[in-house]
Each structure stands twice: as C-alpha cells, then as structure tokens.
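The opening residue of the sequence shown carries number 681 in our numbering; numbering runs sequentially from there. For each residue, glycine too, the CB sits at the ideal point set by N, CA and C. In this text the structure is predicted, and so the values were computed from the model without any measurement.
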Amino acid sequence: MLANTWLAPPAQTLEGGALSQVYLSAEQAIEVPSGQSLLGVMEHAGGISKDQRHGDVPTALLTMNALGGHASREVWLTDQPVRYGTLGEIRYARSDNLLFGVGRYPAEDLEQVTYQAYCDLTQLVHSSEAGRLIRLWNYFPGINEPQNNLECYRRFCRGRHNALTRMGSGLSQDLPAATAVGSSAGDFWVIFLAGKGACRQVENPLQMSAFHYPPIHGPRSPSFSRAVRYSSPGGDLLFISGTASIRGHETVHGGDLVGQCLTTVENLRALLKQAGTNDSGPWGNRVSWKVYLRREGDFETVRDFLEQTLDPADPILYVTGDICRSSLLLEIEGLVHL
Ligand code: 3EB
C-alpha cells in the first residue's frame, strides 16, 4: 500500500543551496523545518476557491482535484534564506542560487496571455541574474477547446515559442523541463524554477524531441526538454517533464487507459536510462511522481497499475487535469533525487 508513504519527503542530506519538494494534505499545516525556507506552494483545491495564500509565499491555487484523499499540495523548500517579491503578475521567492515564481494571468486570449507570461518570466530570470530556467508548469482551463479556430494548447505553444524567440532563448537547447495541463476553470497559472548551476538536457530515445514535432500538432512546436538534470550544491536532481503515451511524435493507444499506462511507464524508464540514473532498486533512486488524469473515474485503475509498477516507497500525487491531446488520458511527471 502506498497510503502511509504519501507524505514522506524523499530521504536526502543536501547542503548549501539544496532544493526539496514535499507532498502534503490540505489538513496538514506547512511546517517549515528550521534552517529551511519556503519557495512556493501548489494547491490542488478542486472546485473550492478558498484563497490559501501562505503570506508572501508564491502560491498557485489550481482548480484541479487531488485524488485518493491524501496529498493535495506540493511544497518547495530550500535550505537558504529567501526574499519574497512581486513583479507584475508574478510572485517570487529568491535565494542566492534559486528563483521560484508563480504567475497568475486572466485566461482570456491564451496565446496573448502565454506570450505575456513568458516575456515577463524570462525578463525576471535575466534581470535578477537567477541562472537559467530549469522547470516550468503551465495550468489553464479549456486546453482542448478551440479559440479563434485553433485549440488552446496549440495557441499556448505559439505564444510560448514567440515569447522565447523574442527574448533570445534557445528553442532546442537549454529548454526547461515542463508540464502543460488543463485545469477545470480559473486563471492561467505558470509556475517556474530557475537556478544557478550545471544543467543537462535529456531527451527520450523513444520519443521525438517535442521542439521537433511536425506541424500536424500545431503551427509552433512545444518548447520543452523531456528532462533536465540539475546539479544543485547538495546533489543532483532530475526534473522529468510531463510524459504521456506518445511514440515518436504520435499518440499511441488513444482512448485505451491500460495501453497508455504501459507506454507511459516505458517512456519513463527509457528516459531515466538515458539520464544515467543508477539501477539499484526498481527505479534506482528516490522519485516523487505527479500523475494527471483526464477522468476522475480512472483513478483506481491507474493507482492499481502504478502500485504494481513503480517503487512503493515513492510518493505519488494524483490530480485531475486535461492532457494536451484529446485522446490522451494520463500524463506522469517526476522528480528524481540522484
Ligand atoms: C508530449 O509529450 C505531451 O507543452 O509544455 C508534456 C509536457 C506535454 C510538456 C508542454 C506538453 C508539454 O507532447 C504533452
């Protein structure tokens, strides 16, 4: 059973600029261990619009249901002092070597809003000399719905691509790991982590790099890496992007839940192997997983499958979310402590 391992933070002894992540339930107060500082919080509050802000701490209030009755919030911490600030629509936390930000924009014209958000956040990363973007999460409503004859996800991709081009970022190298998932309502939220230190981009041999997808998936290809390996002062972390049932650039097992579970897990294994994680134990290292499900009713099937497949010691946060292609039913991201 995973139940009693949900809340266990991954075991680690990091020092000086270390980054850590914990899953908590909404009932658990966020207790910050001494010597640690809060970087940011993601609340998966379902339809409930309780404005749980945690003071100045960058907080995303996501209309995505946490499933399974356990963890519903994702908390990011560091072992350095942080300073909180605001720039336009972005709230951020800044330590000597890390920048964690949460941007909130009205989800009106998705392409325009994405363009604005990505200009703002790249500007903030540059001007505060925070190193480079490592990891991004994007959550917005209506992801599979058309706006001006183009699906919102594709409009999002075009806005992101155009902003990164304008800001002079590379569109194949040095792209952050990412997730883009649909929420049920509310604003456009972008959550990002930037940092100083060595980063290595990892691509998946079973999948075409997303930034090379052909135009049948939209006028501008998605700007993200399959994973980023980040060397923080206390240890390496592998940020695994949202991973779904895609081979090459094509969706496989469209609409077939078990087929998609199998392919997604194979994709994750191939990516970990490519990243050079060690092979002790079923998954090699401590991993925290986040699983997005299009249909709440698929929860038990997916949980049963993953209980058999992933390392039972590793925590999993399940949330509802629309995946960026209509026939995809689930997506899995992860954080590996190397
Ligand atoms: C895919 O592999 C599935 O556009 O930022 C996964 C992770 C996906 C990130 C993004 C999209 C994004 O193409 C979708």
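Complete runs of the beta strand (DSSP E) confined to the region 898–936 [at least 3 residues]: 907–912, 915–923
In whole angstroms, what separates the C-alpha of R880 from that of A858? 14 Å
One or two residues paired with M722 in a DSSP bridge: A740, E754
Cβ atoms of T794 and V847: under 7 Å apart, would you say? Before going further, note that residue 847 is Met rather than Val in the sequence given. Not a contact, by the Cβ cut-off of 7 Å.
Runs of beta strand (DSSP E) wholly within the region 935–1007 (minimum 3 residues, chain order): 966–973, 996–1000
Which residue comes first and which comes last in the alpha helix (DSSP H) that contains G839? 832–846
Beta carbon of L1015, beta carbon of Q708: below 7 Å? no
T845 classed as buried or exposed, judged by whether at least 16 other C-beta atoms fall within 10 angstroms: exposed
Per DSSP, the bridge partner or partners of N745: A725
Within 10 angstroms of the Cβ of Q887, are there 16 or more other Cβ atoms? Answer buried if so, exposed if not. buried
Grouping DSSP H, G and I as helix and E and B as strand, with all else coil, what is P821? strand
Nearer than 6 Å: is that true of the beta carbon of S921 relative to any heavy atom of the ligand 3EB? yes
Can you have a look at K953 and say buried or exposed, based on whether 16 or more other CB atoms are within 10 angstroms of its CB? exposed
Expressed to the nearest angstrom, what Euclidean distance is found between the alpha-carbon atoms of I814 and A751? 24 Å
R753 and M722 look like a contact to me (Cβ under 8 Å); what is the Cβ gap, rounded to whole Å? 7 Å
Is any heavy atom in the ligand 3EB found nearer than 6 Å to the beta carbon of A843? no
Is the region 858–867 in contact with the region 806–824, if contact means three or more CB pairs nearer than 8 Å? yes
Let me know if H892 comes out buried or exposed under the rule of 16 or more other beta-carbons within 10 Å of its beta-carbon. exposed
For L1015, the three-state DSSP class (helix, strand or coil): strand
Residues near F985 in its chain [Cβ-Cβ closer than 6 Å; skip 5 each side]: C941
What does DSSP give as the partner residues of F872 in its beta bridges? G781, L816
To the nearest angstrom, how far is it from the Cα of L790 to the Cα of F979? 29 Å
With distances taken between CB atoms, is the gap from T943 to S925 smaller than 7 Å? yes
Which residue or residues does DSSP assign as beta-bridge partners of P826? E831
Near S1007, which residues of its chain fall below 7 Å by C-beta distance, leaving aside the five closest residues on each side in sequence? T931, G934, G935
Do you know how far the Cα of L747 is from the Cα of K970? 11 Å
Need the endpoints of the beta strand (DSSP E) that V793 sits in, please. Here V793 belongs to no beta strand (DSSP E); instead the alpha helix (DSSP H) covers 790–807.
Heavy atom of the ligand 3EB less than 6 Å from the Cβ of P902, yes or no? yes
Closer than 6 Å by C-beta to R1005: which residues in its own chain qualify, once you throw out the five before and the five after it? Chain order, please. T931
What residue range is occupied by the uninterrupted beta strand (DSSP E) comprising V772? A small fix is needed here, since residue 772 is Tyr in this sequence, not Val. From DSSP, the beta strand (DSSP E) with Y772 extends over 770–774.
Cβ of T989 within 6 Å of any heavy atom in the ligand PLP? Inclusion of the ligand PLP in the displayed structure is not the case, the ligand content consisting of the ligand 3EB alone.
Heavy atom of the ligand 3EB less than 6 Å from the Cβ of I871, yes or no? no
On the three-state DSSP scale, how would you describe A857? strand
So G623 and A773 are in contact, right, with Cβ under 8 Å, and what is the actual spacing, rounded? Nothing can be reported for residue 623: it is not among the residues displayed for the chain, which extend from 681 to 1018.
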